[in-house]
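> This is the structure I want to talk about, given as structure tokens.
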Ligand code: CP
Ligand code: NVA
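Numbering (the working numbering), first residue to last: 24 to 327.
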């Protein structure tokens with residue numbers, strides 16, 4: 024098992040299932056408000072170069088509930104890579120803290136942080152991927168369906184960090200994954216090849232929302248302009264308009280389809296208010312599961 028949680032594909036299928044089973048156990052303990060303190064006396068440094076609601080709140084709440092102390096280090100606090108070299112921050116912070124969670128722009132920066140850190144580094148999102156989110160997502164799908172057999176997951180929108188983590192998961196757990204968006208916004212080719220070469224799952228690239236959503240177990244979307252791209256928002260709104268997840272799309276999949284979104288959602292853009300509020304929308308279960316999945320990840324990484 025690796026020392027850090029940076030990419031889903033760094034873990035075996037069995038290791039990923041262990042995380043999911045433990046997440047379910049920890050979730051039950053949390054709901055029962057059991058005394059569970061595997062991080063008694065330990066500390067978690069949370070480094071954020073970008074804004075966050077779920078990641079910050081779920082890591083801090085989870086780690087505190089598990090007996091530890093969490094420190095929030097925002098964009099203006101330590102100036103990672105600006106005020107000080109990443110490799111220096113890595114060695115300093117890991118002298119004080121048992122776990123480091125980081126949300127950074129450049130993926131290379133989290134690789135460097137992990138290389139020089141003696142403590143476990145957990146990836147809380149980079150421009151390339153978002154592994155904690157997709158572990159929470161698959162936990163949510165498992166809870167709602169009762170199994171992960173014969174899944175068709177259709178992602179609608181930008182081929183971004185969320186898609187890359189789904190593709191990495193698809194290289195370990197079987198699914199049919201469809202990425203549907205405008206041309207020019209496809210996911211990273213090397214990551215697509217990872218799925219194809221794994222022989223575990225099938226990948227389909229689509230530019231046609233209706234056929235992409237046909238027979239889907241899950242329709243998933245994310246913002247059209249990610250953090251760091253917000254100045255492109257108006258242009259992207261025009262380019263992505265046909266890929267909105269709306270009631271017409273969801274009502275015509277020919278199947279009982281769940282709707283998922285990593286959040287934050289921009290209602291009226293990539294998803295309508297009606298879809299967000301529909302019975303088939305499981306976005307808040309998904310958000311809750313961020314905490315349980317991450318707690319399991321930290322417990323398992325701490326033991327290894
Ligand atoms: N889904 C997610 O990572 O949310 P935040 O950006 O609010 O942390
Ligand atoms: N793709 C989005 C995900 C936010 C959780 C972003 O990077 O802004």
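For every residue, glycine included, the Cβ atom is placed at its ideal position computed from N, Cα and C. Source: prediction; values computed, not measured.
If you follow the beta strand (DSSP E) that residue 139 is in, where does it begin and where does it stop?
No beta strand (DSSP E) holds residue 139; the alpha helix (DSSP H) holding it covers 130 to 139.
> Using the three-state DSSP reduction, which class does residue 175 fall into: helix, strand or coil?
strand
> Using a threshold of 7 Å, is the CB atom of residue 78 nearer than that to any non-hydrogen atom of the ligand CP?
The beta carbon of residue 78 sits closer than 7 Å to at least one heavy atom of the ligand CP.
> Could you tell me if residue 307 is buried or exposed, where buried requires 16 or more neighbouring beta carbons within 10 angstroms of its beta carbon?
exposed
> Taking the Cβ atom as the reference point for each residue, do residue 152 and residue 315 lie within a distance shorter than 8 Å?
no
> Using 8 Å as the threshold, is the region 94 to 101 in touch with the region 260 to 274, meaning 3 or more CB pairs across them?
Touching, no, given that fewer than three Cβ pairs across the two stretches are closer than 8 Å.
> From the DSSP output, in three-state form, read off residue 199 for me.
strand
> On the premise that residue 176 lies in contact with residue 240, defined as a C-beta separation below 8 Å, what is that separation, rounded to the nearest angstrom?
7 Å
> Which residues bound the alpha helix (DSSP H) around residue 234?
232 to 236
> Leaving out the 5 sequence neighbours to the left and right, which residues in its chain are closer than 7 Å to residue 188 when beta-carbon positions are compared?
31, 152, 153, 154, 156, 157
> Which residue marks the beginning of the beta strand (DSSP E) containing residue 315, and which one marks its end?
Taken as a continuous stretch (DSSP letters only), residue 315 belongs to no beta strand (DSSP E), being part of the alpha helix (DSSP H) at 306 to 326.
> Restricting to Cα atoms, I'd like to know which of 166, 136, 221 is closest to residue 47.
166
> Do you know how far the Cα of residue 159 is from the Cα of residue 313?
For residue 313 and residue 159, the distance between alpha carbons rounds to 5 Å.
> Leaving out five residues before and five after residue 74 in sequence, what residues of the same chain have Cβ atoms less than 6 Å from its Cβ?
If we look at residue 74 and ignore the five residues flanking it on each side, it has no Cβ neighbours.
> Verify whether the separation of the beta carbon atoms of residue 183 and residue 249 is less than 8 Å.
yes
> Are the beta-carbon atoms belonging to residue 207 and residue 266 less than 8 Å from one another?
no
> Is any heavy atom of the ligand NVA found at a distance shorter than 7 Å from the C-beta of residue 203?
no
> From the DSSP output, in three-state form, read off residue 81 for me.
helix
> Name, in chain order, the residues that DSSP records as bridge partners for residue 229.
203
> Can you name the start and end residues of the alpha helix (DSSP H) that residue 243 belongs to?
It is not in any alpha helix (DSSP H) - residue 243 instead sits in the beta strand (DSSP E) that spans 241 to 244.
> Are there 16 or more other CB atoms within 10 angstroms of the CB of residue 251, so buried, or fewer, so exposed?
exposed
> Which class does residue 3 belong to by DSSP, given the choice of helix, strand or coil?
Look at the range of the chain in this structure, 24 to 327, and you will see that residue 3 is not part of it.
> The alpha helix (DSSP H) spanning residue 39 covers which residue range?
36 to 54
> Report the three-state DSSP secondary structure of residue 194 (helix, strand or coil).
Here residue 194 sits in coil by DSSP.
> Quick check: what's the CA-CA separation for residue 42 versus residue 55?
20 Å
> Which residues does DSSP pair with residue 143 in a beta bridge?
122
> Is residue 192 near the ligand CP, in the sense that its beta carbon is under 7 Å from a heavy atom of that ligand?
no
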